Amino acid sequence: MRSNVDEYKLIAPANLTAVLQALASDPTLTPIAGGTELMVALSAGRLPQKNLLSINHLRELRFITTTPTDITIGSGTTFTDIRYSAVLASDFPLLVQAASWTGSIANQNRGTLGGNLVNGSPAADSPPALLAYDATVTLISATAGAGNIAHRTLPYRDFHLGYKKTVLAPNELLYSITLPRKFAGYHSYIRKVGTRNAQAISKVALAGLALVEENIVTDIRLGAASLRETPVRCTAAEQAVLSQSITPATIAAARAALSSEARPIDDIRSTARYRAAIAANLLEEFLHQLTQ
Amino acid sequence: MMTTIALTVNGQQTTVDAPPMKRLLDVLREDLHLTGAKEGCGEGECGSCSILMDRGDGNAELVNSCLIPVLQAEGATITTIEGVANQQHLHPIQQCFLEHGGAQCGICTPGMILATHHLLDKHPHPTLEQIQEGLAGNLCRCTGYMRIFEAVKDAATKTSKLTAHS
Numbered sequence: 001m002r003s004n005v006d007e008y009k010l011i012a013p014a015n016l017t018a019v020l021q022a023l024a025s026d027p028t029l030t031p032i033a034g035g036t037e038l039m040v041a042l043s044a045g046r047l048p049q050k051n052l053l054s055i056n057h058l059r060e061l062r063f064i065t066t067t068p069t070d071i072t073i074g075s076g077t078t079f080t081d082i083r084y085s086a087v088l089a090s091d092f093p094l095l096v097q098a099a100s101w102t103g104s105i106a107n108q109n110r111g112t113l114g115g116n117l118v119n120g121s122p123a124a125d126s127p128p129a130l131l132a133y134d135a136t137v138t139l140i141s142a143t144a145g146a147g148n149i150a151h152r153t154l155p156y157r158d159f160h161l162g163y164k165k166t167v168l169a170p171n172e173l174l175y176s177i178t179l180p181r182k183f184a185g186y187h188s189y190i191r192k193v194g195t196r197n198a199q200a201i202s203k204v205a206l207a208g209l210a211l212v213e214e215n216i217v218t219d220i221r222l223g224a225a226s227l228r229e230t231p232v233r234c235t236a237a238e239q240a241v242l243s244q245s246i247t248p249a250t251i252a253a254a255r256a257a258l259s260s261e262a263r264p265i266d267d268i269r270s271t272a273r274y275r276a277a278i279a280a281n282l283l284e285e286f287l288h289q290l291t292q
Numbered sequence: 293m294m295t296t297i298a299l300t301v302n303g304q305q306t307t308v309d310a311p312p313m314k315r316l317l318d319v320l321r322e323d324l325h326l327t328g329a330k331e332g333c334g335e336g337e338c339g340s341c342s343i344l345m346d347r348g349d350g351n352a353e354l355v356n357s358c359l360i361p362v363l364q365a366e367g368a369t370i371t372t373i374e375g376v377a378n379q380q381h382l383h384p385i386q387q388c389f390l391e392h393g394g395a396q397c398g399i400c401t402p403g404m405i406l407a408t409h410h411l412l413d414k415h416p417h418p419t420l421e422q423i424q425e426g427l428a429g430n431l432c433r434c435t436g437y438m439r440i441f442e443a444v445k446d447a448a449t450k451t452s453k454l455t456a457h458s
């Protein structure tokens, strides 16, 4: 059942300041960037938000800036931009890998990192890598009629509140995502399990980073998709491995810990039982890699 | 509520009056009568609606026109399948699709050819894996893909830098 496009309003204020002013004056506005999520809903007659604000054209949101200590990605950066960034490929390869299996080339050209996060699906492709990399996010807003722009920065792991629900206030925009350049020497792993190599929403995905020194895991981070109602850090599994060496006992303990903290569901893509089993297998695959 | 959008399609500057949320696919087909782009899924999964769009930064990108509200095409330069051949002369990609049997019913073909064009622009000598990835967003129900891949491999040898003609 199609939507009636006449019922929808879409405006495109010329610059970021104007966009923030629009949001401040009318918090019922819903931003639309690349449209790879909202336009699907529109075509299916399932887009309740009728008052839309285009941010796709804002050059102020599309950037990748590098300092010696971190890299900041604008929320309007596309997956293609991420894939072609040499500095992201060298410092944050898991994010580049995740971008490469997001949708298809045509979707990667339009979809934005910000949209991937704000849409807030637990199956989204970029969150596991961002969680493993300790990303922080910066949100911006304006007050109606006033000139200044307010910023607030928080850890990305605090961004998602529940299924497709984030901390973003109605007058706020996600501005940027910052990644700390502190993972040289880490082992890295990411795997997405889905029905095809492209155009597949994950049944489960796991991103892992670990530092192994003299056979002991001195740091480990695990980011997962489709195991809870939001993307998650698997902290129980991390604790089971931290300060241990990788032995069959550690692997068994890690698998058990992951099963305890994962709460997968049955849905159109997969079952809870399959997801739980596969997630544990991905974790074991990562841990085995740490011994090589 | 209608809005007026100015854009360039297949080398021609044009304006359309449409609701801002009307899908670019529908504007191309209904307002501009360019029916080469097709709707196969309406959700950006099948690629039948693929076109090349430069939003003003000099980068022509493969995009699914079913997912673009026409307002976001303001000022864009667009190439549809109708803009690929040079009047009576088929583009090498089109010629190769013909010679290798890369088209049967033809529904996927406009999108496939534009996806191929985009691929060869980025990877003039693609490996099979790069071809598969470049075309992964374009579904074909007829050919089984093998002849399409052969057509793409052959097209890659015809010229290393391809440009669309209007």
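Top line first, the protein sequences correspond to chains L and Z. When you number the first sequence by the numbering used here, it's gap-free, plus one each residue, and the end is 292. When you number the second sequence by the numbering used here, it's gap-free, plus one each residue, and the end is 458. Glycine residues also receive a C-beta, built at the ideal position from the N, C-alpha and C atoms. Predicted model only: the values in this text are computed from it and were never measured.
### Query
Z:G375 to Z:D349, Cα distance in whole Å?
Taking the first residue of the second sequence as position 1, residue 375 of chain Z is located at position 83. Taking the first residue of the second sequence as position 1, residue 349 of chain Z is located at position 57. The alpha-carbon atoms of Z:G375 and Z:D349 are separated by roughly 20 Å.
### Task
Note down, in chain order, every chain L residue with its Cβ under 9 Å from the Cβ of Z:R315.
Against the second sequence, residue 315 of chain Z aligns to sequence position 23. By Cβ distance, chain L contributes V5, M39, L42, S43.
### Query
Using a beta-carbon distance below 8 Å, is Z:H417 in contact with chain L?
Translated into the one-based positions of the second sequence, residue 417 of chain Z becomes position 125. Cβ-Cβ to chain L under 8 Å: no for Z:H417.
### Task
Let me know the alpha helix (DSSP H) ranges lying completely inside the segment 383–430 of chain Z, each 4 residues or longer, listed in chain order.
384–392, 401–414, 420–426
### Query
Closest by CA to L:A169, which one among L:I177, L:F159, L:S176?
Counted from its first residue, the first sequence places residue 169 of chain L at position 169. Per the Cα distances, L:F159.
### Query
Taking the alpha-carbon positions, what's the L:I278 to Z:A352 distance?
The residue given as residue 278 of chain L occupies position 278 in the first sequence. The residue given as residue 352 of chain Z occupies position 60 in the second sequence. When rounded, the distance between both Cα atoms is 39 Å.
### Message
With distance defined between alpha-carbon atoms, name the residue in Z:E425, Z:V308, Z:L354 nearest to Z:E322.
### Response
For the purposes of this step, residue 322 of chain Z is identified with residue 30 of the second sequence, where counting begins at 1. The shortest Cα separation from Z:E322 among Z:E425, Z:V308, Z:L354 belongs to Z:V308.
### Task
Output yes or no for whether 8 Å exceeds the beta carbon distance between L:S188 and L:L94.
Indexing the first sequence from 1 puts residue 188 of chain L at position 188. Indexing the first sequence from 1 puts residue 94 of chain L at position 94. For L:S188 and L:L94, yes; Cβs fall inside 8 Å.
### Query
Which of the residues in the segment 103–119 of chain L, read from start to end, lie with their CB under 8 Å from any CB of chain A?
This model lacks chain A altogether, as its protein chains are L and Z.
### Query
Should L:G35 be flagged as near chain Z, meaning a C-beta pair shorter than 8 Å?
Against the first sequence, residue 35 of chain L aligns to sequence position 35. Answer yes: the Cβ-Cβ gap between L:G35 and chain Z drops below 8 Å somewhere.
### Message
Contact between the segment 68–75 of chain L and the segment 110–118 of chain L is defined here as three or more beta-carbon pairs at a separation below 8 Å; is this criterion met?
### Response
yes
### Same chain, Cβ closer than 6 Å to Z:V362, five either side skipped, listed in chain order
Working through the second sequence from its first residue, we reach residue 362 of chain Z at position 70. Result list for Z:V362: I297, A310, K314, L316, V319, in chain order.
### Query
Beta-carbon separation of L:G35 and Z:L359 under 8 Å?
Against the first sequence, residue 35 of chain L aligns to sequence position 35. Against the second sequence, residue 359 of chain Z aligns to sequence position 67. Contact: yes.
#### Entry: Chain-ordered chain L contacts of Z:N302 [CB-CB under 9 Å]
Numbered from 1 along the second sequence, position 10 holds the residue referred to as residue 302 of chain Z. Chain L residues near Z:N302: none, gap ~19 Å exceeds 9 Å.
### Query
Assuming L:A262 and L:R233 make a contact with CB atoms under 8 Å, what is their CB distance in whole Å?
Position 262 of the first sequence, counting from 1, holds the residue named residue 262 of chain L. Position 233 of the first sequence, counting from 1, holds the residue named residue 233 of chain L. Wrong, their Cβ atoms sit about 12 Å apart, outside the cutoff.
### Message
Helix, strand or coil for Z:T307? Go by DSSP, reduced to three states.
### Response
Translated into the one-based positions of the second sequence, residue 307 of chain Z becomes position 15. Z:T307 falls in the strand class under three-state DSSP.
### One or two residues paired with L:G35 in a DSSP bridge
On the first sequence, position 35 is the one that residue 35 of chain L refers to. Note: L:G35 sits in no beta bridge, so no partner.
### Task
Measure the C-alpha to C-alpha separation of L:Y163 and L:D267 and round it to an integer number of angstroms.
Here residue 163 of chain L corresponds to residue number 163 of the first sequence, with the count starting at 1. Here residue 267 of chain L corresponds to residue number 267 of the first sequence, with the count starting at 1. Near 14 Å, if we compare the C-alpha coordinates of L:D267 and L:Y163.
### Query
If we call anything under 8 Å between Cβ atoms a contact, is L:Y84 one with L:I140?
Counting from 1 along the first sequence, the entry for residue 84 of chain L is found at position 84. Counting from 1 along the first sequence, the entry for residue 140 of chain L is found at position 140. In this structure, L:I140 does not lie closer than 8 Å to L:Y84 by Cβ.
### Message
Quick check on this structure: which residue in L:S202, L:S100, L:T17 has the alpha carbon closest to the alpha carbon of L:D81?
### Response
Looking up residue 81 of chain L in the first sequence gives position 81. Of the candidates L:S202, L:S100, L:T17, the one whose C-alpha sits nearest the C-alpha of L:D81 is L:S100.
### Query
Based on Cα-Cα distance, which residue from L:L258, L:A225, L:A224 lies nearest to L:A240?
Position 240 of the first sequence, counted from the start, is the residue given in the question as residue 240 of chain L. For L:A240, the nearest C-alpha among the options comes from L:L258.
### Task
For the beta strand (DSSP E) holding L:R153, just list the boundary residues, first then last.
To locate residue 153 of chain L, count along the first sequence from 1; it is residue 153. Here residue 153 of chain L is Thr; the residue named in the question, Arg, does not match the sequence. 149–155 is the span of the beta strand (DSSP E), which, as asked, contains L:T153.
### Task
Starting from L:H288, trace the alpha helix (DSSP H) both ways and give me its first and last residue.
Here residue 288 of chain L is taken as the residue at index 288 of the first sequence, counted from 1. Note, L:H288: alpha helix (DSSP H), 272–289.
#### Entry: Inter-residue Cα distance where the pair is Z:H457 and Z:N302
The residue given as residue 457 of chain Z occupies position 165 in the second sequence. The residue given as residue 302 of chain Z occupies position 10 in the second sequence. With a pLDDT of only 43 at Z:H457, under 50, the local geometry of the prediction cannot be trusted, and the value read off the model is given with reservation. For Z:H457 and Z:N302, the distance between alpha carbons rounds to 8 Å.
### Task
Could you work out which residues of chain Z lie near L:N56, taking near to mean beta carbons separated by less than 7 Å?
As a working mapping, residue 56 of chain L is identified with position 56 in the first sequence. The contacting residues are Q364.
### Query
Taking Cβ positions, are Z:L427 and Z:M404 nearer each other than 8 Å?
Within the second sequence, numbered from 1, the residue matching residue 427 of chain Z stands at position 135. Within the second sequence, numbered from 1, the residue matching residue 404 of chain Z stands at position 112. Cβ atoms of Z:L427 and Z:M404: closer than 8 Å.
### Task
Could you pull the start and end residues of the alpha helix (DSSP H) that Z:L326 belongs to?
Within the second sequence, numbered from 1, the residue matching residue 326 of chain Z stands at position 34. Premise fails: Z:L326 is in no alpha helix (DSSP H) and is neither H nor E.
### Query
Counting contacts by CB-CB distance shorter than 8 Å, is Z:L420 in contact with chain L?
Start at 1 with the first residue of the second sequence, and residue 420 of chain Z comes out as number 128. Closer than 8 Å: no.
### Query
In the DSSP assignment, what residue or residues form a beta bridge with L:L10?
Mapped onto the first sequence, residue 10 of chain L falls at position 10. Partner(s): L:L52.
### Task
Indicate whether at least one CB of chain Z lies closer than 8 Å to the CB of L:L227.
Within the first sequence, the letter at position 227 stands for residue 227 of chain L. Judged by the 8 Å Cβ criterion, L:L227 is not in contact with chain Z.
### Query
Hey, is the segment 46–58 of chain L in contact with the segment 118–136 of chain L, meaning 3+ C-beta pairs nearer than 8 Å?
no
### Task
Answer with yes or no whether the minimum CB distance from L:N197 to chain Z is below 8 Å.
Taking the first residue of the first sequence as position 1, residue 197 of chain L is located at position 197. At least one chain Z Cβ lies under 8 Å of L:N197.
### Message
In whole angstroms, give me the CA-to-CA distance for L:D26 and L:N197.
### Response
Position 26 of the first sequence, counting from 1, holds the residue named residue 26 of chain L. Position 197 of the first sequence, counting from 1, holds the residue named residue 197 of chain L. Straight-line Cα distance between these residues: approximately 41 Å.
### Query
Does any CB atom of chain Z fall closer than 8 Å to the CB of L:K164?
The sequence position of residue 164 of chain L within the first sequence is 164, counting from 1. Closer than 8 Å: no.
### Own chain, CB closer than 8 Å to L:A142, minus 5 neighbours either side, in chain order
If you number the first sequence from 1, residue 142 of chain L lands on position 142. Cβ neighbours of L:A142 beyond the five flanking positions: T17, L20, Q21, L23, A24, N148, I149, A150, N171.
### Message
Any heavy atom of the ligand MG closer than 7 Å to the beta-carbon of Z:Q380?
### Response
In terms of ligand content, the structure shown is empty, and the ligand MG therefore cannot be addressed.
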